[in-house]
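Residue numbers (this note's numbering): 21 to 384.
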């Protein structure tokens, strides 16, 4: 085990030699030692539907690289006995609608998911109409829609990860891998959580709730917004607020503008419009401004600036622009969000998850 005082990432590597490491994928769905790539090609077998190209080479030559996930089907990507920690998750699919694919993670035999998020939004790419790259520390999206997560996800007894396709189209190809290490997990270690919400703001109440109802002791570590600007003009004047540990009307944390919270300033504007940028901790990864509605993809990972809470947490963002009278004006924009945090289990139940047909932003 690495000494608790040892720095993470590169500084920790020399102290991790010999740790038990496993990887689950379509070629080794259990992750067991020496259990990968055992199938003989047989395209007639639904379990080996993609094995045709390997027919000349035989067993061990990319016989089962992908799985299909039919419309309405839920598959278990990983079911791991602990203790241990998931270190990496990779996934990609030929399905055009990533909002139709839903990830759910369950820790230690809980019946309620601690993560419940559409695939694209989980990887900070929430606009199916405009896939894009993301270059950050915990989340990376490479060409083309290759989605990787490096959020560290400890578990003590069990980790179960599922993928549901609740859209009308089959996903013919889903490629995935789950890399994890088996080792003791301290009792003080908290579990990873992520919750998705979507709403259309109203001019008379232009506020989107990023997350609410978190109960317990924990650490807030990330915000992602898929912002569909259906109102004309500037859209990001509103404040991001965090209400914690009994805050009621007034928050403890209030940022002075949406663009500032996500690491920009003055409307992300440099030379005539919003300019994209992607850094390890924050960014505007998408700014599609030449069509209506306009689409924006924003992330902020609170890794070096995490927000601790003892009892409860609520986070909101205002949807404000400028009126012709020089006053703030409320906007009717569509906003989807992902909130990421760590806390001890059990967690409070999440809001009811909407069906696929209600998860597509209006106008896309």
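Note that the Cβ used here is the ideal one computed from N, Cα and C, for glycine as well. Everything numeric in this text was worked out from a predicted model, so none of it was measured.
Between the alpha carbons of residue 313 and residue 271 lies a gap of roughly 31 Å.
If you ignore the 5 residues before and after residue 334, its C-beta comes within less than 6 Å of the C-beta of 232, 263, all in its own chain and listed in chain order. The DSSP-derived three-state label of residue 67 is helix. For residue 260, the enclosing beta strand (DSSP E) covers residues 260 to 264. Of the candidates 162, 265, 135, the residue whose Cα lies closest to the Cα of residue 238 is 265. Residue 120 has its alpha-carbon roughly 22 Å from the corresponding atom of residue 85.
Under DSSP, the beta-bridge partners assigned to residue 354 are 220, 248. With contacts defined as CB atoms closer than 8 Å, residue 135 and residue 153 fail to qualify as a contacting pair. Between residue 357 and residue 230, the C-beta gap is smaller than 8 Å, which places the two residues in contact. When the Cα atoms are used, residue 105 and residue 167 turn out to be separated by approximately 19 Å.
Under DSSP, residue 182 forms a beta bridge with 96, 124.
Around residue 322, the same chain offers 240, 241, 242 as residues with beta carbons nearer than 7 Å, after the five sequence neighbours per side are excluded. Restricting attention to beta strand (DSSP E) runs no shorter than 3 residues, the segment 126 to 174 encloses them at 135 to 138, 159 to 162, 166 to 169, ordered along the chain. One Cα belongs to residue 351, the other to residue 294, and the distance between them is close to 18 Å. Note on geometry: alpha-carbon atoms of residue 173 and residue 146 lie some 22 Å from one another. In this structure, 364 is the residue among 378, 369, 252, 364 with its C-alpha nearest to the C-alpha of residue 205.
Within the same chain, Cβ atoms closer than 7 Å to the Cβ of residue 155 are found at 298, the five residues on either side in sequence being excluded. Taking C-beta separations shorter than 7 Å and ignoring five residues to either side along the sequence, the partners of residue 126 in its chain run 133, 134, 180, following chain order. Residue 213 has its alpha-carbon roughly 15 Å from the corresponding atom of residue 129.
For residue 288, the three-state secondary structure derived from DSSP is helix. When the Cα atoms are used, residue 162 and residue 316 turn out to be separated by approximately 18 Å.
Rounded to whole angstroms, the separation of the alpha carbons of residue 96 and residue 328 is 32 Å. Judged by DSSP in its simplified three-state form, residue 117 adopts coil rather than helix or strand. Our two residues, residue 69 and residue 62, have alpha carbons roughly 7 Å apart in a direct line. For residue 54, the closest C-alpha among the options 66, 65, 41 is that of 41. For residue 114, the closest C-alpha among the options 141, 211, 193, 380 is that of 193. When 107, 81, 64 are compared, the shortest CA-CA separation from residue 203 is found for 107. DSSP, read as helix, strand or coil, puts residue 333 in strand.
Inter-residue distance for residue 292 and residue 341 is about 17 Å (C-alpha atoms, whole angstroms). Per DSSP, the unbroken beta strand (DSSP E) holding residue 40 starts and ends at 40 to 45. If you draw a 10 Å sphere on the C-beta of residue 372, you find fewer than 16 other C-beta atoms in it, and that means exposed.
For residue 201, the beta-bridge partners assigned by DSSP are 41, 105. In this structure, DSSP gives residue 190 a state outside helix and strand, which the three-state scheme calls coil. Exclusion of the five residues before and after residue 274 leaves 259, 261 as the residues of its chain whose Cβ lies within less than 7 Å of its Cβ.
Counting the other Cβ atoms within 10 Å of the Cβ of residue 81 gives fewer than 16, which makes it exposed. A distance below 7 Å between beta-carbons, with the five flanking residues on each side excluded, links residue 210 to the following residues of its chain, in chain order: 238, 239, 362, 363, 364.
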